[in-house]
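First residue of the sequence shown? That's 3 in our numbering, and the numbers climb one at a time after it. Beta carbons are placed, not taken as given, at the ideal position from N, Cα and C, and that holds for glycine.
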Amino acid sequence: MKILQITDTHLFSPSDDEDDPPMLFGFNTFESLKHVIELVNKHDSAFDLVVLTGDLSEDESAGSYRRLAELLSTLAKPVYYLFGNHDNANMARQVFSEYPLFKHEREVILENWLIVLLNSKIEGKQEGNLAQGELDRLKSVLEKHSEKHALVCLHHNPVNMDPERFDKYILQNAKEFFSVLDSNVSKNVRGVMWGHVHQQYYSQRRDVTLMATPSTCAQFTPNETGIKLDYKPPGYRSLKLHKNGFIETEVRRLVFMPYEPSK
Ligand SMILES: [Fe+2]
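Spelled out as structure tokens, the structure:
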């Protein structure tokens, strides 16, 4: 099985003046996403589904979600999604319900794999938190599908990208999240992946692979979660989920910078 993670698209509603569209850190985020989708079409035509890990819109508008749904629907594969701090969940759900390839389940079975999508968004805040109900759902779904390998997805980073730096926008109750992962019910968890930090990250924590993925627009430096921009091209992640539980993963980036990052 192969899945793709596409994250932090930060789209705006189409502009009345296409010669002067809204930009984010110097990026026309829709054009930048279009380049990333071209890259997907070039390298990863055979995959099973897409997971969007939040910050899908920058302006929370229906138009931004419609643009995303139309472009992603061209991939002709099911798209699962979760929300980030920049999203308007009600607006997004309403728009996505018009697109048959957009799926609303938050637990996905793919042969002998289980993919769990968690909501770490706190209304009106940049930082993240997993409500007790989400932690309980995670435990019960892992228990229910204990014979499957599991991949857990959320928006906010549960680990600090740079332990030297205080990250105020991190998942606030990462300790509780990891205590679920360390408990007996989570023996089948093979990976955790997130967006939010706009950078590539890969590490192992016990038997679990931890992954963060570049945004489809502007990147941040590996040692800061914030607005320090990094001169790296946009990209996405592909993950081959092997039958034995091994995750083979790769980040693909554009081979050019579509825009000059700027504040
Ligand atoms: Fe973001």
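May I ask you to check if the CB of residue i is nearer than 6 Å to at least one heavy atom of ligand 1?
i           : result
residue 22  : no
residue 10  : yes
residue 89  : no
residue 61  : no
residue 232 : no
residue 184 : no
residue 57  : yes
Where does residue i fall in DSSP's three states?
i           : result
residue 138 : helix
residue 111 : strand
residue 67  : helix
residue 7   : strand
residue 39  : helix
residue 93  : helix
residue 59  : strand
residue 44  : helix
residue 105 : strand
residue 32  : helix
residue 73  : helix
residue 127 : coil
residue 132 : coil
residue 116 : strand
How big is the Cα-Cα spacing for residue i and residue j?
i           : j           : result
residue 125 : residue 133 : 12 Å
residue 1   : residue 264 : A question about residue 1 goes unanswered here, because the residues of the chain that appear run from 3 up to 265.
residue 85  : residue 123 : 7 Å
residue 179 : residue 143 : 14 Å
residue 177 : residue 24  : 38 Å
residue 206 : residue 195 : 12 Å
residue 38  : residue 229 : 22 Å
residue 6   : residue 243 : 11 Å
residue 162 : residue 103 : 34 Å
residue 149 : residue 18  : 52 Å
residue 262 : residue 113 : 42 Å
residue 212 : residue 204 : 6 Å
residue 240 : residue 22  : 33 Å
residue 138 : residue 64  : 31 Å
residue 118 : residue 72  : 24 Å
residue 79  : residue 208 : 33 Å
residue 136 : residue 10  : 22 Å
residue 151 : residue 210 : 11 Å
residue 185 : residue 145 : 11 Å
Taking C-beta to C-beta, are residue i and residue j nearer than 7 Å?
i           : j           : result
residue 97  : residue 52  : no
residue 29  : residue 219 : yes
residue 106 : residue 158 : no
residue 41  : residue 254 : yes
residue 54  : residue 101 : no
residue 1   : residue 87  : The structure shown does not extend to residue 1, since the chain is modelled only from 3 through 265, so no value can be given for it.
residue 236 : residue 34  : yes
residue 233 : residue 8   : no
residue 173 : residue 120 : no
>> To test your reading of the DSSP string, which unbroken alpha helix (DSSP H) runs of 4 or more residues are found completely within the region 148-184?
In response: Within the region 148-184, the complete alpha helix (DSSP H) segments at least 4 residues long are 176-183, listed from N- to C-terminus.
Please list the segments of the beta strand (DSSP E) lying wholly inside the region 198-257, counting only runs of 3 or more residues, in order along the chain.
-> 203-207, 210-214, 237-243 and 249-255
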